[in-house]
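Undergrad:
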Amino acid sequence: MLVSRIYLNSDDAVVALFVEPLFEAMRERRKGVQSGAAMCMAKMVQSAATPPISSFQKLCPRISKLLSNPCFLAEASLLLLVSSLSQVGAIAPQSLDSLLERIYACLASTCWETRTKGCG
Numbered sequence: 001m002l003v004s005r006i007y008l009n010s011d012d013a014v015v016a017l018f019v020e021p022l023f024e025a026m027r028e029r030r031k032g033v034q035s036g037a038a039m040c041m042a043k044m045v046q047s048a049a050t051p052p053i054s055s056f057q058k059l060c061p062r063i064s065k066l067l068s069n070p071c072f073l074a075e076a077s078l079l080l081l082v083s084s085l086s087q088v089g090a091i092a093p094q095s096l097d098s099l100l101e102r103i104y105a106c107l108a109s110t111c112w113e114t115r116t117k118g119c120g
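Residue numbers for the sequence shown follow UniProt numbering, so the first one is 1 and each next one is one higher.
1. My output table needs one value for L22: the three-state DSSP class, helix, strand or coil.
2. Helix or strand or just coil, what does DSSP make of E84?
3. Are the CB atoms of S95 and S68 within a distance shorter than 8 Å?
4. Is DSSP giving K58 helix, strand or coil here?
5. Report the residue from R27, A76, R62, V45 whose alpha carbon sits nearest the alpha carbon of Q87.
6. Would you call S77 buried or exposed, if buried means 16 or more other Cβ atoms sit within 10 Å of its Cβ?
7. Keeping to the same chain, check which residues put their C-beta closer than 7 Å to that of R62; ignore five residues upstream and five downstream.
8. Let's see if you can read the secondary structure: which residues bound the alpha helix (DSSP H) around L73?
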């Protein structure tokens, strides 16, 4: 069934194939696992030859939720993903306000690594 979705030439299906296991890993309660998954997703976005912008835009609400989740420990790595999405133009206007609020909160973090990643 998954294979048939891929061959329907849908960018959403292909992106979902890659991101679903990574989002699942980000729900783990270990910082290393969360960080690794976020960095893998950032690399996926950076490596896309022709980025499927509309598919990538659908990631923003989930990323915003993770940034606001107190159980999420790898904000710095997730900010790298936000940066990658921004660089390919995949942050939808309707997601911008929410992401900016979360980034601002990261800048106020007591974690030095998170603050520096929030600054770019």
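Note that CB positions come from ideal geometry on N, CA and C, so glycine has one too.
TA: Taking the structure as given:
1. helix
2. According to the sequence as given, residue 84 is Ser; it is not Glu. Here S84 sits in helix by DSSP.
3. Against a cut-off of 8 Å, the Cβ pair of S95 and S68 comes out as no contact.
4. coil
5. V45
6. Buried.
7. F23
8. Run containing L73: none; DSSP gives neither H nor E here.
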